[in-house]
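Last residue of the sequence shown: number 158 in our numbering, and the count goes up by one each step with no gaps. Ideal Cβ positions, reconstructed from N, Cα and C, are used throughout, including at glycine. Accompanying notes for the structure given below.
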Amino acid sequence: MRVEEQVKAIAEVLARDLGLELVEVEWVRQNSRATLRVTIDCPGGISHEHCEALSRKLDKALDEVTFIREPYYLEVSSPGAERTLKTVEDFRRFAGKRVLLKSKLPVAGNRQWRGQLIGIIDDAVALRTEAGGEISIPLAQIGSARLSMD
């Protein structure tokens, strides 16, 4: 089992106990530095205190595990204003918001779409494009998606 999956199992319980939602866990290596990035959210938004509370609990819990065998930095943060959308629930939750979608393959001649998220319809992401039309992109073809502030 990968580090992310093992940490996610621990972090989900700790986040839930604090009234938080676990958004993502990433294990990143840059040069010789390993970083464990944990992203959290909650309905009223994330504060520094939320991040600190989970960081302390998670740090303590991870001191007890044996599956991380190298030094690492722990980062706990919010998803930010331009958060990534990954799950079906994300696409439902943020319906009505502006998004930037990139498809794995061209759809109707384009791979990048910006507009208002309609939601999920029949296993596809429905979008009202900036040009005024509507498009559906199969979930399996979504390469990346995020909220867009511009």
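Does the distance from the C-beta atom of residue i to that of residue j stay below 9 angstroms?
i      : j      : result
Glu12  : Glu34  : yes
Met157 : Arg101 : no
Ile48  : Pro79  : no
Leu82  : Ala153 : no
Thr137 : Arg122 : yes
Residue i: which of the options sits nearest, CA to CA?
i      : options                       : result
Pro146 : Ile128, Ser63, Asp158         : Ile128
Gln149 : Asp131, Leu44, Leu155, Thr137 : Asp131
Gly141 : Val46, Asp158, Ala153, Ala116 : Ala116
Ile76  : Pro114, Arg122, Thr43         : Thr43
Leu155 : Ser111, Gln124, Ala134        : Gln124
Val54  : Leu70, Val84, Lys65           : A quick correction: the sequence has Ile, not Val, at residue 54. Closest by alpha carbon: Val84.
Asp67  : Ala23, Ile126, Asn39          : Ala23
Lys16  : Leu70, Gln38, Glu57, Arg41    : Leu70
Val31  : Gly52, Lys94, Lys65           : Lys94
Cys59  : Ala89, Leu28, Asp98, Pro51    : Leu28
Does residue i come out as helix, strand or coil in the three-state DSSP assignment?
i      : result
Arg64  : helix
Lys16  : helix
Val46  : strand
Ala116 : coil
Ala101 : Checking the sequence, you will find Arg at residue 101 rather than Ala. Arg101: helix per DSSP, three-state reduction.
Leu70  : helix
Glu90  : coil
Leu26  : coil
Glu138 : coil
When DSSP builds the beta bridges, which residues end up paired with residue i?
i      : result
Tyr80  : Tyr80 is not bridged to any residue.
Ser152 : Lys110
Arg10  : Note: Arg10 sits in no beta bridge, so no partner.
Ser85  : Thr47
Ile129 : Ala132
Over what stretch of residues does the beta strand (DSSP E) that includes residue i continue unbroken?
i     : result
Gln38 : 29 to 38
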